[in-house]
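The numbering of the sequence shown is the working numbering, which starts it at 224 and goes up by one.
To start, the structure under review is shown below, and the notes come after it.
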Amino acid sequence: MVNETNRYGAWQPWQPRAVVELFSTLSVPWWIAGGGAIDLFIGTQTRGHDDIDVQILRRDQQAVRAILHGWDVQGAVPPPRDENWPFREWEPGTLLDAEVHDVWCRPHKTAPWAIQLMVADTSDDQWLFRRDNRISRALTAIGHQTDEGLPYLAPEIQLLYKAKNSRPKDEADFARTLPHLDQESREWLAQALAIVQPNHAWITRLKG
């Protein structure tokens, strides 16, 4: 699906299996994120997606950038920035600025955008929630894998990202996912939300 309305160029997101093939030689972890992670967790595509998100770890960024040799790779610059082109090219062999957590990727400059990298920070063996480092989790517990070998971000972590200023599609993702969450996942998400958004409506539903 191509989204022609994007002001920074059209999207034609790759399918998860194509991402797996591209990253097949990577020796570092990565996970399908966003709505795609919800679909992989539930086991079916629940809605259309304008892009495909891939979670990587900042500490592994050089290995990931090497896989994208020859690609147009642009790091989203936080405000204040040029809204006509709010990106800075991520050159091979260089490190992303610490404040960049979002990277748009396409095979070349005239191609549609294909993959959106979400860059996560870590401390030793812990994943850190970038909006509040009081929330962390062991790296071994932040993702799962389908029977076909597709890695995806744990749904409770993806929902934590979606909880801030949640849009209708985020509310729908939560509603679809909630019946499938085990007790440990529900408790983790409820505790994380209690730290960053203590009045969030999802907390009551997670405890229900």
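Each residue gets a CB set at the ideal place from its N, CA and C atoms; glycine is no exception.
Here the structure is a predicted model, which is why all the values come from computation and not from measurement.
Original post:
In or out: T248 buried (at least 16 other Cβ within 10 Å) or exposed?
Top reply: exposed
Subject >> Boundaries of the alpha helix (DSSP H) in which R288 is found, first to last residue >> reply: Q284 to I290
Subject >> Residue nearest to D405 in terms of C-alpha spacing, selected from R390, P391 and P378 >> reply: P378
Subject >> Cutoff 8 Å; reference S359; Cβ partners in own chain excluding five residues on either side >> reply: Non-local C-beta neighbours of S359 in its own chain, meaning closer than 8 Å and more than five positions away in sequence, comprise S346, Q349, W350, L351 and F352, ordered along the chain.
Original post:
For Q439, which beta-bridge partners are listed by DSSP?
Top reply: Residue 439 is absent from the structure shown; the chain starts at 224 and stops at 431.
Original post:
Any idea if I418 is buried or exposed, counting beta-carbon neighbours within 10 angstroms, 16 or more meaning buried?
Top reply: Label assigned to I418: exposed.
**OP:** For A337, I'd like the list of residues in its chain whose CB is within less than 7 Å of its CB, leaving aside the five on either flank, ordered along the chain.
**Re:** Contacts found: Q235, P236, W237, C328, R329 and P330.
Original post:
Leaving out the 5 sequence neighbours to the left and right, which residues in its chain are closer than 7 Å to Q268 when beta-carbon positions are compared?
Top reply: D262
Subject >> G366 - partner residues in DSSP beta bridges >> reply: L376
Original post:
Using the C-alpha atoms, what's the distance from H292 back to Q381?
Top reply: 28 Å
**OP:** Determine the direct distance from the alpha carbon of V296 to that of M224, and round the result to whole angstroms.
**Re:** Note on M224: pLDDT 42, under 50, position unreliable in the model; the coordinate value appears next. Going by the C-alpha atoms only, they are around 20 Å apart.
Original post:
Which residues in the same chain as D320 place their Cβ atom closer than 8 Å to its Cβ, once the five residues preceding and following it in sequence are excluded?
Top reply: Around D320: G298, V300 and R311.
Original post:
What's the C-alpha gap between F264 and E306?
Top reply: Between F264 and E306, the C-alpha separation is close to 35 Å.
**OP:** Using the Cα positions of L376 and K392, report the straight-line distance between them to the nearest angstrom.
**Re:** 18 Å
Subject >> Residues that DSSP places opposite S250 in a beta bridge >> reply: Answer is none; S250 lacks a bridge partner.
Subject >> 6 Å Cβ shell around E394 - same chain, five flanking residues per side excluded >> reply: Excluding positions up to five away in sequence, the list is empty.
Original post:
For the candidate residues A233, G232, V243 and A424, whose alpha-carbon lies nearest to that of G372?
Top reply: That would be V243, whose Cα lies nearest to the Cα of G372.
**OP:** With distances taken Cα to Cα, identify the nearest neighbour of A398 among Y384, W425 and Q284.
**Re:** Per the Cα distances, W425.
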